[in-house]
Amino acid sequence: MIAEPNTASNLPCQKGNAVHDETVPESAVQNGSSVSNGNLKTPSVVDDWVEAYKQDRNVALLDLINFFIQCSGCQGMVTAEMFQSLRKKDIMQKMTESFDEETGLQYKKFVAYPWILTVTWPVDMDNEDYPLIRSGPYWKKFKANFCEFIAVLVQQCQCSILYDSYLMDTIISLLTGLADSMVRAFRHTSTFAAMKLLTAVISVHLNLDVNKHNAERLYEVEKKRISGRRTNYRLDQLEKKRKEYEQKLLEIDNMMNAIFKGTFLNRYRDVIPEIRATCIEEIGSWIRTYPDAFLNDSYLKYIGWMLYDKQAEVRLKCLLGLQGIYSRKELASRMDLFTSRFKDRIVSMPLDKDHEVAVQAMKLLMLMSQNCEDVLSTEDCEMLYQFVYTTHRPLAVAAGEFLYKRLLSHEGDEEVQPKEGGKIGSSTDQLKRLISFFLESKLHKHVAYLIDSLWDWAGTFLKDWECMTTLLLNNAEGDGEALSDAHENTLIEIILATVREAAEGHPPVGRGAAKKILSAKEKKIQLEDCTRITEHFIIVLPQLLAKYSTDAQKVANLLQIPQYYDLDVYSTGHLEKHLDALLKEVKDIVARHSDISVLEASSRTYYILCSEEIAIYNQVDRAQTQLIDELMGQLNQLLDGFWKKEEGFCTDAGEISRIHSALRRVAAFHNAHDLTKWNLYDKIVRLLVFEVEHGSLPVLMILPALQCTYFSLLWKLAAVTEKSPKETLFALRRELRRFSQICMCFLHHKEKDVREKAFMILCDWLLILSHQDSNNNEEAARIVDYLPSTSLQEKLLLFIQEHVFVEQEEESKDLTEEEERKNESCKLDDLHKKRSLLAAYCKLIVYNVVEMTAAAEIYKYYVKTYNDFGDIIKEMLSKTRHNNKIQSAKTLILCLQQLFQTHAGSSGGVDFSSASFTNMKELARRFSLTFGWDQVKSRESVAMIHKEGIEFAFQGATGKCFPPNLSFLLIISEFSNKLLKPDKRLVYAYLQRYIAEPLSCRGDQWQPLIWYRNSLLANEDEESSVLSSSGEWSPVGTSKTSSFKRKLSNGSLPETSQNEAASKAPGLQCTAQLASATGKSRKRLKSREMHLQEHLQFLCPGGLRRRYCKDEIKTEDVKQGKGQAQDTSEDVDVDVVGADQDS
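Numbering (the numbering used here), first residue to last: 61 to 1203.
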């Protein structure tokens, strides 16, 4: 705590060369209570200090100096000696910052006029932990009180001692000296204090300016009033007052220059980003507060330069400072040179990798465009407009403000008064500009993002659904220019997006991590908007559907609006006739369209309206049942005609198209509605069986038939209850098996679409069956449970390898621009399908439907297909590791083993320079990176990889024969840096078990073993010297100890102790080194290691298996004497100290 410094008795005091020592009594200022204690009022503390200063300024100043030192977190003390009698050369020799090895203390000497100050503090003072950077409410309050203290100090002294040429000189000298310190705490605290001091001094300067100006005005008035007289006492007094103000202003200017040149110019480019941020933040406030002195290029350039700083915190302070300047038009008009120099940099900053910097840059550009004429070009604005589509919502909202105020909101909009009224006319113009902007941006699938970006700024006209629907219904009747088809499509998408935004109250998918928690006021607005939407569209929507009934895209969007209705309005408002109109239009649309998006939207509309809790249920249910009866009647009639044809197949394209449309309609409704009572399953399965047996059905019939069968079985599965008879359950199981066999057959279908559809259905089907609970009925779940057989798992994996990871040959022929565009679109669609297929299969692995070892085949393509599928494979790796760390690690090593065997078999040996071996190394490195920085969390997994890798490397080695897979050690060496030090020792000991005796490693074939061993012994001084120039392999016990001769609490360890232990018990020494490694890790990781009670049992051989106790490490099966145990404990102590100092 800075409030309680160490006393002088705790630290040595230098008196040898002191001319005059000051003894400082402790006060409220010195002990920091004015800052750290919220109960004391800062003005009263400053008043007491001012009175003490007037009585004895030396003692009071030393009191204040100690306060600044202790606010740095220093628990040392300050002594002072006068230097008036010393020559300048002697003074400069005293300006040192050194470390006394005998006392373990640090000293800093510097000039603080009129003294040479000596600051003494302990060497173990933490340079990364001091008050200004500590977190928490207490230290936040400390920082605020520290700022307040400096401001109040200057304010209270401005009428008396501020100009005595003693106080400020001393304080400025102190802060300037500390700001040059190598100790971060001193440098940061003094820089912060100096910047706040200059801010306070500027306030005094401004007050003096006002007083001087008033004195000059009074002087002129008084001079005119007594123009007849030659002298006047009042005039002399005013003249004297004016000169006094001028003198004070001159002194203040000198103080400002001294602080700016002595501290700011040295510290605004400090290596510590917090110090740089403090300097830039304050210079921004100086420019805003005192523009006459600071608003020029001599000061602005520092902000401009730091816009390129590597730390986001510094760039953010620059932008916030510039916002304060550009927000005032009178200041922005004086920024022409700065704007021309740094505009390009500011325009590029919305692309900053730090989100907050990007947001503030966009806000700054908004202010620049408002207060600076023509500062942004058309190209700049068009680039900035596109940020409304970004996924980071704060940046998108800031860009939405920029777009709305620059492009959509014009000052003359309110003055437009067309026939339909001024409000509607204004909204119409804004809507047309918005539609034109959207179409010109050519991002046609992002309307929801655009509306969300504008919602906070343009909510009024975006909720004007009356204007939007009027514009659609009266499009051709108005006097103005009619909307084109593309404009109508966009306007309908805008209507849907605004309705969704108003009803749901949260951003669209992909923008925002979670749903927004609405306040009471926001919930009230949301309910009011839902009511407005319902009351308006209940009447208007049937009219819109009737007008655009032939346009599938428009109808599909319009049919999504009813899901946001407040359905009680139908009954409370007696609007049932409008419901009949809506149902009639939807029925006509279903009969007219076969587009899947339209059919799914229609099915969902019936599902939303047909809710048993609302009054209109019966009315909607009758209409729905009537529609489904008609659809099933049409399908039955078409299927009957199909089966009556000769050879069971019809080649009439028109009839096939009608069957296809009927199947799609039924499939769309079967998705949301249970059609079991219409006996759909048997009729559709007959088609699929026919295709399996004969293979002559067109694709247009197979795809919807597969979908219908899938939905039918899902509805039957969902209907299983506790009371379901076993006969029903066994029948359902037979149907499930039958459908699975059909899908397996379709995996080899000649049509690609059928194969992919069957694969997706099969993956979803297996996932559902393996995790369904049959409404908590265990017996029913056991009967219908279905896990894929080994052959099915192999087929699924083979399908992925052939359809996802296969490379397509690119056509080399020249294509036109239009053909290239279509080709790119086809490639993107094909990539999307492949990603869906891979994701479906990876879910089976993640949820343990397919064995985890199957993931090894997928991991082989991780690097090769990283751009297309890397995110999916990485997510699967993360999920499987979360499920079972050990098994996931074994899967990774299995993948590498298979690749190694393939490489060795194809090339007849291992070629280190080959591309395939390099790819293996890169894949292992990528696998290693997935473990992150937390070595404790990934401890068991990485150790298992090394264990399995070592066993594989020495597999097939007999006697003294060379292991055929030894080169695999190069692959697993990529994981060595993820091992903790104690685990490296364990892995090293495990490796030793496979070395029968010391071997000669001079040949190139043994290099993998040497490289792997070096990777385990990295950063270990005692082992790094084992490899001699001859390259011989030595046991772990022979290691040097010279690097471990550190300063211990009881002195240095004799070399004989280590050598004697090595000669008496080499096995024990190995054990001691393992224990010492554990001690190092425990000291470094502290409490994080305590929860690891199991310590990698699979790596420890019998003689080295250990168990942890609370305070010590016990070793089993090791016989040792008293002296040996003592030597071992010494080894542990040395190892721990060595580790600490090395780290």
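Even for Gly, the Cβ is constructed at its ideal location relative to N, Cα and C.
Predicted model, so just to flag it, every value in this text is computed and none were measured.
Around the beta carbon of F972, fewer than 16 other beta carbons lie within 10 angstroms, which makes this residue exposed. DSSP places Q371 in the coil class of the three-state scheme, outside both helix and strand. Bounds of any alpha helix (DSSP H) do not take in P191, whose DSSP letter is neither H nor E. At least 8 Å separates the beta-carbon of I363 from that of C339. Secondary structure note for I716: its alpha helix (DSSP H) is the uninterrupted segment 713-732. Ranked by how close their Cα comes to the Cα of I593, the residues T610, L627, N617 have L627 in first place. Rounded to whole angstroms, the gap between the alpha carbons of Q371 and I221 is 41 Å. The beta-carbon separation of Q216 and V110, rounded to 6 Å, stays under the 8 Å limit for a contact.
R285 and R294 have their C-alpha atoms spaced approximately 11 Å apart. DSSP places K523 outside both helix and strand once states are collapsed to three, so it counts as coil. With respect to the 8 Å criterion, D512 and A458 are not classified as neighbours on the basis of their beta carbons. Per DSSP, the continuous alpha helix (DSSP H) segment holding N267 begins and ends at 244-285. The C-beta distance from F1035 to S976 rounds to 20 Å, too long to fall under 8 Å, and the pair is not in contact.
Within its own chain, the residues whose Cβ lies closer than 6 Å to the Cβ of V650, once the five positions on either side in sequence are excluded, are S662, listed in chain order. With a threshold of 16 other beta carbon atoms within 10 Å, E390 falls short and is exposed. Runs of the beta strand (DSSP E) lying entirely within the stretch 354-406 and spanning at least 3 residues: none are present. Annotated three-state conformation of W175 is strand, per DSSP. Approximately 6 Å separates the beta-carbon atoms of V507 and I554; this is inside 8 Å, confirming the contact. The beta carbon of Q1065 lies closer than 8 Å to those of F1022, L1026 in the same chain, with the five residues before and after it left out.
The C-beta distance from E304 to Y279 rounds to 13 Å, too long to meet the 8 Å contact threshold.
Close CB contacts of L532 within its chain, under the 6 Å cut and outside five residues either way in sequence, are absent.
Residue burial annotation: E306 is exposed, with fewer than 16 other C-beta atoms found within 10 angstroms of its C-beta.
The beta-carbon separation of L258 and F246, rounded to 18 Å, does not stay under the 8 Å limit for a contact. At the C-beta level, S756 and S654 stay beyond 8 Å of one another. If you draw a straight line from the Cα of N883 to the Cα of S579, it is about 49 Å long. Membership of R592 in the alpha helix (DSSP H) is indicated by the continuous run 580-607. Within the same chain, and ignoring the five residues on either side of M426 in sequence, the residues whose Cβ sits closer than 8 Å to its Cβ are A458, E461, F462, K465. Assignment of Q218 by DSSP, reduced to helix, strand and coil, places it in the coil class. Here K581 is exposed, its C-beta having fewer than 16 other C-beta atoms within 10 Å.
H754 is classed as exposed because its beta carbon has fewer than 16 other beta carbons within 10 Å across all chains shown. In summary, G344 is buried, with 16 or more beta-carbon neighbours lying within 10 Å of its beta-carbon over all protein chains present. Cα atoms of Q853 and Q961: separation of roughly 23 Å, rounded to the nearest angstrom.
In this structure, A900 places its C-beta atom within 8 Å of the C-beta atom of M820.
Secondary structure within the stretch 637-719: the alpha helix (DSSP H) runs of 4 or more consecutive residues, fully enclosed, are 656-669, 677-704 (chain order).
Straight-line measurement puts the Cα of L740 at about 11 Å from the Cα of W775.
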